[in-house]
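To start, the structure itself, in structure tokens.
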Amino acid sequence: MSKIVIIVLLLAMIASLGVGLFHLIKTPNENDKGDQLVKSLTWRIGIWVILFVFILLSLKLGWIKPSNSVNPEKFNQEQQERIDQSNP
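Residue numbers (our numbering): 129 to 216.
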């Protein structure tokens with residue numbers, strides 16, 4: 129479930145960047161003040177903050193688990209077990 133939320137938020141960030149790029153490269157009108165570009169980039173920053181908080185909350189509640197590279201002791205132990213298994 130949490131992986132789906134993370135993927136959806138990342139896709140929303142990419143979509144927001146795409147909208148920002150569109151408004152950045154389109155030919156400006158006389159009435160265009162760049163508000164749409166600022167709004168899309170503001171949305172991207174807001175989505176990033178929500179994503180960051182969600183990841184921290186998911187880690188704290190145990191919904192997602194860090195990989196072994198975050199825990200060097202466990203990583204070294206697993207590596208040693210692999211070495212021991214490969215050497216008869």
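Just so it is clear, CB atoms sit at the ideal spot from N, CA and C, and this is done for glycine as well.
Check whether residue i and residue j have beta carbons under 9 angstroms apart
| i | j | result |
| --- | --- | --- |
| L152 | L165 | yes |
| F182 | V147 | no |
Distance between residue j and residue i (C-alpha atoms, nearest Å)
| i | j | result |
| --- | --- | --- |
| F180 | L149 | 23 angstroms |
| A143 | K188 | 28 angstroms |
| Q111 | N215 | The structure shown does not extend to residue 111, since the chain spans only 129 to 216, so no value can be given for it. |
| I173 | R210 | 43 angstroms |
| K154 | V177 | 28 angstroms |
| P194 | Q205 | 16 angstroms |
| L184 | L169 | 23 angstroms |
| N157 | I135 | 35 angstroms |
| K167 | D212 | 57 angstroms |
Same chain, Cβ closer than 7 angstroms to residue i, neighbours up to 5 away in sequence not counted
| i | result |
| --- | --- |
| S130 | S186, W191, I192 |
| I175 | L137, A140, M141, S144 |
Proximity winner among the options, relative to residue i (alpha-carbon distances)
| i | options | result |
| --- | --- | --- |
| W171 | P156, N159, A140 | A140 |
Residue ranges of each alpha helix (DSSP H) run of no fewer than 4 residues wholly in the stretch 134–189, ordered along the chain?
-> 163–189
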